[in-house]
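In terms of the UniProt record's numbering, the sequence shown is residues 1 to 224. Think of the CB as a built atom: it goes at the ideal place given N, C-alpha and C, for glycine as much as any other residue. As C-alpha cells, the structure follows; a few thoughts come after it.
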Amino acid sequence: MTTISETTTMNENHPVLQVENLSKAFGSRTLWKGLNLQAYRGEMIALRGPSGCGKSTLLSTIGLLVRPDSGHIMIDGTDILAIPRRQHKRVRRETIGNLFQDYALLENATVRENLDIAARPRPLLPKPSFASALERVGLPGQERTPVHTLSGGEQQRVALARLLLKPSRITLANEPTASLDRDNENLVLDLLQDLANEGKVILLATHSDRVAGRCSRVLSLHHH
1 MTTISETTTM
11 NENHPVLQVE
21 NLSKAFGSRT
31 LWKGLNLQAY
41 RGEMIALRGP
51 SGCGKSTLLS
61 TIGLLVRPDS
71 GHIMIDGTDI
81 LAIPRRQHKR
91 VRRETIGNLF
101 QDYALLENAT
111 VRENLDIAAR
121 PRPLLPKPSF
131 ASALERVGLP
141 GQERTPVHTL
151 SGGEQQRVAL
161 ARLLLKPSRI
171 TLANEPTASL
181 DRDNENLVLD
191 LLQDLANEGK
201 VILLATHSDR
211 VAGRCSRVLS
221 LHHH
C-alpha cells in the first residue's frame with residue numbers, strides 16, 4: 001500500500017485540484033488506500049517515489065484514464081468522478097493537459113496536424129497562435145515538418161507546443177524529461193514553469209533530483 005507525504009507547507013488559496021480518500025487495488029495488491037492531496041493555482045509539484053508505488057497510475061487516474069476503486073477527484077470544486085463517463089472525454093479535452101515521456105504524437109502527421117488536435121476545443125484559434133507556440137519551444141517555421149523526421153528532443157518540443165495551445169487548468173507530466181539531454185530538459189522545465197506562472201497546476205512524476213528541485217513542492221509516495 002502507498003501513502004503520500006509532502007516537503008513544504010501548502011498555500012492558503014482554494015485548491016484547483018483536490019484528491020480525497022482515493023483508493024486503488026489491482027487484484028490482491030493495494031496500490032493506495034485513502035490517498036489525499038491538494039494542488040493550488042500556480043504550483044509545479046513533483047510526484048516522487050520508488051518504481052511501482054503508483055505515480056503513473058495516480059496521474060492516469062486524475063486524468064480520467066484509470067478508474068479508482070473509491071474516492072473523489074475535484075477540479076475547481078467539481079467532483080470529476082461524479083460526471084457521467086460519456087462526458088469524460090470533454091473534461092480531458094478542456095480541463096486536463098498531458099505531457100508524456102513517449103511524446104504521444106501522431107508520427108505520420110505533420111507538426112501542424114498534431115497541434116490542430118490540441119486546438120480543437122477552439123476551432124477559431126488564429127493562425128499566429130500556432131506560430132507563436134512553435135517559436136516559444138524553439139521550432140519556428142516547422143508547421144509542415146513530418147513528426148517522424150524530428151529527434152526525440154524536438155518531438156517533446158512539439159508536445160510542449162501542443163500544451164501551450166490547450167485550454168487546460170491542470171497539466172499531468174509523466175517523466176517528461178527522462179530521455180532528454182540537458183538543453184531539452186531545461187526547455188521542458190522552463191515551459192512548464194511558465195505554464196505554472198500563468199496560473200495552471202503542474203503535477204509532474206519524476207525520479208530526478210534535479211527536476212524535483214525545480215518544483216515548488218514535492219509529494220512523496222511511500223510503500224508500506
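Assigned exposure category for residue i - 16 Cβ within 10 Å defines buried
i, result
"N21", "exposed"
"N114", "buried"
"A196", "buried"
"S5", "With a pLDDT of 49 at S5, under the threshold of 50, the predicted position of this residue should be treated as unreliable, and no value is reported."
"P176", "buried"
"R182", "exposed"
"R214", "buried"
8 Å Cβ cutoff met for residue i and residue j
i, j, result
"D79", "S23", "no"
"I83", "V19", "no"
"N174", "A205", "yes"
"A110", "V66", "It should be pointed out that residue 110 corresponds to Thr in this sequence rather than to Ala. Result no, Cβ atoms of T110 and V66 do not sit closer than 8 Å."
"L219", "L37", "yes"
"V158", "D76", "no"
"Y168", "I62", "The sequence as given places Ser at residue 168; Tyr does not occur at that position. No, the Cβ-Cβ distance between S168 and I62 is not below 8 Å."
"A212", "L165", "no"
"R90", "L64", "no"
"L47", "L203", "yes"
"Q156", "N184", "yes"
Inter-residue spacing [alpha-carbon to alpha-carbon] between residue i and residue j
i, j, result
"D102", "S56", "13 Å"
"R112", "A131", "9 Å"
"T9", "A178", "Annotation note: pLDDT 42 at T9 (below 50); position unreliable, coordinate value reported separately. Cα to Cα, T9 sits roughly 28 Å from A178."
"L106", "G153", "15 Å"
"L180", "V201", "23 Å"
"D99", "S28", "It is worth fixing the name first, because residue 99 is Leu in this sequence and not Asp. In a straight line, the C-alpha of L99 is about 31 Å away from that of S28."
"L58", "H207", "15 Å"
"C53", "L31", "7 Å"
"G199", "M44", "10 Å"
"A104", "T171", "14 Å"
"H14", "R86", "28 Å"
"A25", "S51", "16 Å"
"T3", "H88", "The predicted position of T3 is uncertain, since its pLDDT is 48 and thus under 50; a value taken from the coordinates is nonetheless stated next. Straight-line Cα distance between these residues: approximately 27 Å."
Beta-bridge pairing of residue i - partner residues as DSSP gives them
i, result
"P146", "T110"
"L172", "N98 and L203"
"T78", "I75"
"A25", "T30"
"I45", "L203 and R217"
"V19", "L37 and I73"
task = Inspect the CB distances between the segment 186-200 and the segment 127-140 and report whether three or more fall short of 8 Å.
result = yes
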